[in-house]
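> Mind looking over this structure? Questions follow.
There are 2 protein chains.
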Amino acid sequence: MITIYDIAEKAGVSAMTVSRVINNTGRISEATRKRVRKVMEELHYIPNSMARSLVLQKTHILSLLITDITNPFYTTIARGAEDAAKRSGFRLLFGNSDEDYAKEKDYVDMILSTRVDGVLFAPTGDHSLEHLQQLQKHNIPFVVLDREVPGIEADVVLGDSKEGARKLVEHLIGIGHRRIALINGSQDVSTARLRHLGYREAHTLNGLPIDDSLIIHVNYRDFHDESALEALLQHPSPPTAIFAANNMLAVGVIKSLRQRGLQVPQDISVVCFDDFVHAEAINPFLTVAAQPAYQFGSLGMQLLIERIESEPARENRKLILPSELLIRASSQALVRA
Amino acid sequence: MITIYDIAEKAGVSAMTVSRVINNTGRISEATRKRVRKVMEELHYIPNSMARSLVLQKTHILSLLITDITNPFYTTIARGAEDAAKRSGFRLLFGNSDEDYAKEKDYVDMILSTRVDGVLFAPTGDHSLEHLQQLQKHNIPFVVLDREVPGIEADVVLGDSKEGARKLVEHLIGIGHRRIALINGSQDVSTARLRHLGYREAHTLNGLPIDDSLIIHVNYRDFHDESALEALLQHPSPPTAIFAANNMLAVGVIKSLRQRGLQVPQDISVVCFDDFVHAEAINPFLTVAAQPAYQFGSLGMQLLIERIESEPARENRKLILPSELLIRASSQALVRA
DNA sequence: TAATTTTGAGTTATCGGTAACACAATTAAT
DNA sequence: ATTAATTGTGTTACCGATAACTCAAAATTA
């Protein structure tokens, strides 16, 4: 491993002089600067960022924690966050909690021990409170992404879960559906609660009764509660449409339906939150409330960087980004038998 | 920032004793161990991993560099790599080069200055040679993923690009297509070269002529060469099917076709490499050669960890993982007019 | 020409840990 | 009871960088 001392020796100067050349600080004569530069290149010198961070107490690394790396919604966020971080010269440390509290904890520990300068944090749910409080305790700036956590005051970038849900359900109502099931994430997650609210609001605004037996709570990351679906389908008055609270749930639900020999949308309509951008470009199918994922990432990152770089702590900001209703093939007007 | 010295002082011991408690090394009486532990908890102590890495000359961080974070093929790789790294207790630093040489360079610099213990490297192309050589020069172990780089001897995990391509094209030939276009990645990328070879092989094995005017080279990440597509379609004897060399190219091609009012598969068939797992589960459409992405990641990571941990340098290994031909709606038997 | 300022370095201490060695107090062995 | 071994803990040096201070030589000013 080449260090500044190796460079210093070979160039016949002190380590401090090498450091000054690297950082363009202090006064250095053009002659020594050139000589040091040449030796650095000859020896393929790369500064040790850990040593530097240790003394500077700054890593110039930001962390992005997402909850599902195979979900295009989150990877698009990642792209946006990365682009924004790069623009400001920060390096980015990705983490993927897989909607798992324990993995999230591992990543928080890693973040803390790495002493990153800030975190863009998509929480797994309300219990992430503990992790965010840990960040606060250690004075690590963060911005909360996609899901609000009660008890945490911070900058936050959110979607319009309630309105988006209402729009989706009203679309279904508008094309004749009356029995609409909700397959939702855990009530421990703010977006799931709001989407539930939007679902109810759409019903009451349209004078429809709400049947709680049509509402199921599972995990956002995947749907595999076959018995719950079975119960829905065996219902004396079964749903004619399903609102899956996110794209991954829609995947699971449609898969399960197909295994039971049911076709979407012929036998049952399905709508959900979040788009599958690439795939839908190929073959538009799902009716969705599409959220501006890239903006989630880039705006969130901007807020984070502002917070890090603005000395006087400014007040918290809350951005709510609207979703767009995209009506496609998976929702079909109800044909009364 | 709490350090071992703070702990040491409050517990009335030396810093070294604290270090021993943290690492479970050396001999410590049960009494002091307890006392130190208690103070650590009271002060919410988190070890500074940079200080530790600096003295140990080991970071216990591995890096995964992928070329497109919004491509489900790569995110599935990431999931596999992450799981494998976690099993061995390594932390994972993701990087995303976006198929861009300059970004790849940035990440390599970051990898070098972070002194990670090893890299799982999906190169952007043959010119990545320079970056891999830099890793070699600095003795950073790495495993090459998905694309081979001429001039580099290393462990490598690949797909069966040639055979996969041949199977896809033979499928098209089998259902009557004779004029098959190839929309390929840059010839600077090994998989693109091999898929090209497979394409040619399928033709020659089946006694079909090859028309080079049906072959286009673009960038794997997205297709936006409208004029090239235009030329294809204006061809006196236009293609009846298109083989897009990866999933992202298929997206771009199908979008462009639709803008021109052409339907897949009615007007033209499209097949490609790499699946869109979630989306295809919802609505099977694309005929693909599906690669075992998760295995790419987990096996690659296993090779990397073995290489790092096995003292005597063992010989290089080359894993070639077969792809699976999944015939779906986007390829249709040719109906002669 | 003497006094002052500027320039171009070098020295030392420090960031937060750990390895290697040292050493007093017990405990065990002879 | 003396010697040897073990146990528990402290000291010092170092990992690779940088901040703060120092200082001789050169340049500038009076």
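So the sequences go chain by chain: U and D.
In terms of UniProt numbering, the first sequence has 300 at position 300, counting the first letter as 1, and numbering is strictly consecutive.
In terms of UniProt numbering, the second sequence has 196 at position 196, counting the first letter as 1, and numbering is strictly consecutive.
Using N, Cα and C, we set each Cβ at its ideal position, and we do this for glycine too.
Report the three-state DSSP secondary structure of U:Val156 (helix, strand or coil).
Strand at U:Val156.
> Look at the alpha carbon of D:His131 and the alpha carbon of D:Val157, and state the distance between them as a whole number of angstroms.
Their backbone Cα atoms lie some 18 Å apart in a straight line.
> Thinking C-alpha only, which one of U:Leu43, U:Ser269 and U:Lys86 is nearest U:Ile173?
Answer by Cα proximity: U:Ser269.
> Spatial neighbours of D:Asn316 within its chain, please: CB distance less than 7 Å, with the 5 preceding and 5 following residues excluded, ordered by chain position.
Taken in chain order, the residues that qualify are Glu153, Ala154 and Asp155.
> Would you mind telling me which residues of chain U sit closer than 9 Å to D:Lys162, beta carbon to beta carbon, in chain order?
Those within 9 Å of D:Lys162 in chain U number zero; the least Cβ separation is about 25 Å.
> Assign D:Asp274 to buried or exposed, taking buried as 16 or more other Cβ atoms, counted over all protein chains shown, within 10 Å of its Cβ.
Buried, since its Cβ has 16 or more Cβ neighbours within 10 Å.
> Rounding to the nearest angstrom, what Cα-Cα distance links D:Ile216 and D:Val149 in this structure?
C-alpha separation (whole angstroms): 22 Å.
> Going along the chain, which residues of its own chain have a beta-carbon closer than 6 Å to the beta-carbon of D:Pro238, five neighbours each way excluded?
Excluding positions up to five away in sequence, the list is empty.
> What does residue 340 of chain D touch in chain U if you count any residue whose Cβ is under 8 Å from its own?
A question about residue 340 of chain D goes unanswered here, because the residues of chain D that appear run from 1 up to 337.
> One question on the structure: do D:Phe121 and D:Leu145 come within less than 8 Å of each other, judged by their Cβ atoms?
In this structure, D:Leu145 lies closer than 8 Å to D:Phe121 by Cβ.
> Starting from the beta carbon of D:Met110, find every residue of chain U whose beta carbon is closer than 7 Å, and list them in chain order.
By Cβ distance, chain U contributes Arg91.
> Report yes if the C-beta distance between D:Ala241 and D:Ile180 is below 8 Å; otherwise report no.
Yes, the Cβ-Cβ distance between D:Ala241 and D:Ile180 is below 8 Å.
> Could you tell me which uninterrupted beta strand (DSSP E) segments, each at least 3 residues in length, are contained entirely in the stretch 285-312 of chain U, listed from first to last along the chain?
Counting only runs of 3 or more, we get 287-290.
> What does a CB cutoff of less than 8 Å around U:Ala333 pick up in its chain, not counting 5 residues either side in sequence?
So the qualifying residues of the chain are Ile175 and Gly176.
> Tell me, please, whether the CB atom of D:Val116 is closer than 8 Å to any CB atom in chain U?
Output row for D:Val116: interface = no.
> If you pair each beta-carbon of the stretch 187-197 of chain U with each one of the stretch 123-137 of chain U, do three or more pairs fall below 8 Å?
Judged by Cβ distances under 8 Å, the stretch 187-197 of chain U makes contact with the stretch 123-137 of chain U, as three or more pairs qualify.
> Nearest to D:Arg37 by CA position, among D:Gln57, D:Gly12 and D:Leu229, is which residue?
It is D:Gly12.
> Taking the alpha helix (DSSP H) that D:Val18 belongs to, which residues open and close that run?
Element bounds for D:Val18: Ala15 to Asn23.
> Who are the Cβ neighbours of residue 340 of chain D in its own chain at under 6 Å, not counting the five residues just before and after it?
As shown, chain D starts at 1 and ends at 337. That puts residue 340 of chain D outside it, with no answer to give.
> If you measure from the beta carbon of U:Asn23 to each beta carbon in chain D, is any gap under 8 Å?
U:Asn23 does not count as touching chain D.
> Nearest CA to the CA of U:Tyr288: which residue from U:Ser310, U:Leu319 and U:Phe243?
Checking the sequence shown, residue 288 of chain U turns out to be Val, not Tyr. Of the candidates U:Ser310, U:Leu319 and U:Phe243, the one whose C-alpha sits nearest the C-alpha of U:Val288 is U:Phe243.
> Out of U:Ser331, U:Glu42 and U:Ser97, which has the shortest C-alpha to C-alpha gap to U:Val264?
For U:Val264, the nearest C-alpha among the options comes from U:Ser331.
> For the alpha helix (DSSP H) containing U:Ile254, list its first residue and its last residue.
Segment Asn247 to Gln259, the alpha helix (DSSP H) holding U:Ile254.
> On the DSSP letters alone, give me the boundaries of the beta strand (DSSP E) that U:Arg91 sits inside.
Arg91 to Asn96 is the extent of the beta strand (DSSP E) around U:Arg91.
> Name the chain D residues that come within less than 9 Å of U:Phe285, Cβ to Cβ?
Within 9 Å Cβ-Cβ: Ala279, Ile282, Asn283 and Phe285.
> Would you say U:Phe223 and U:Pro72 are within 8 Å of each other, going by their C-beta atoms?
Cβ distance not < 8 Å, so U:Phe223 and U:Pro72 don't count as in contact.
> Going straight from the alpha carbon of D:Asp225 to that of D:Ser213, what length do you get?
The alpha-carbon atoms of D:Asp225 and D:Ser213 are separated by roughly 15 Å.
> Just to confirm my understanding: we take U:Thr114, look at its own chain, exclude 5 residues before and 5 after, and list those with CB closer than 6 Å. What are they?
Excluding sequence neighbours, U:Thr114 sits near nothing in its chain.
> Who are the neighbours of D:Phe94 on chain U, taking C-beta pairs under 7 Å?
By Cβ distance, chain U contributes Phe94.
> If you reduce the DSSP assignment to three classes, tell me which class U:Asp83 lands in.
Three-state result, U:Asp83: helix.
> Starting from the N-terminal side, write out each stretch of the beta strand (DSSP E) that is 3 residues or longer and does not extend beyond the stretch 115-146 of chain U.
DSSP runs (the beta strand (DSSP E)) wholly in the stretch 115-146 of chain U: 118-121 and 142-145.
> What are the residues of the stretch 48-81 of chain U that lie near chain D, defined by any Cβ-Cβ distance shorter than 7 Å?
Of all residues in the stretch 48-81 of chain U, Asn48, Ser49, Met50, Ala51, Ser53, Leu54, Ile69, Thr70, Pro72, Thr75, Thr76, Ala78 and Arg79 have a Cβ within less than 7 Å of some Cβ in chain D.
> For D:Ala250 versus U:Ile282, is the C-beta distance shorter than 8 Å?
Their beta carbons are under 8 Å apart, which means D:Ala250 touches U:Ile282 by this criterion.
> Starting from D:Val271, trace the beta strand (DSSP E) both ways and give me its first and last residue.
Ser269 to Phe273 is the extent of the beta strand (DSSP E) around D:Val271.
> Would you mind telling me which residues of chain U sit closer than 8 Å to D:Phe276, beta carbon to beta carbon, in chain order?
Chain U residues near D:Phe276: Phe276, His278, Ala279 and Ile282.
> Check the DSSP bridge columns for U:Ala181 and list the partner residues they point to.
Answer by DSSP bridge pairing, in chain order: U:Ile242.
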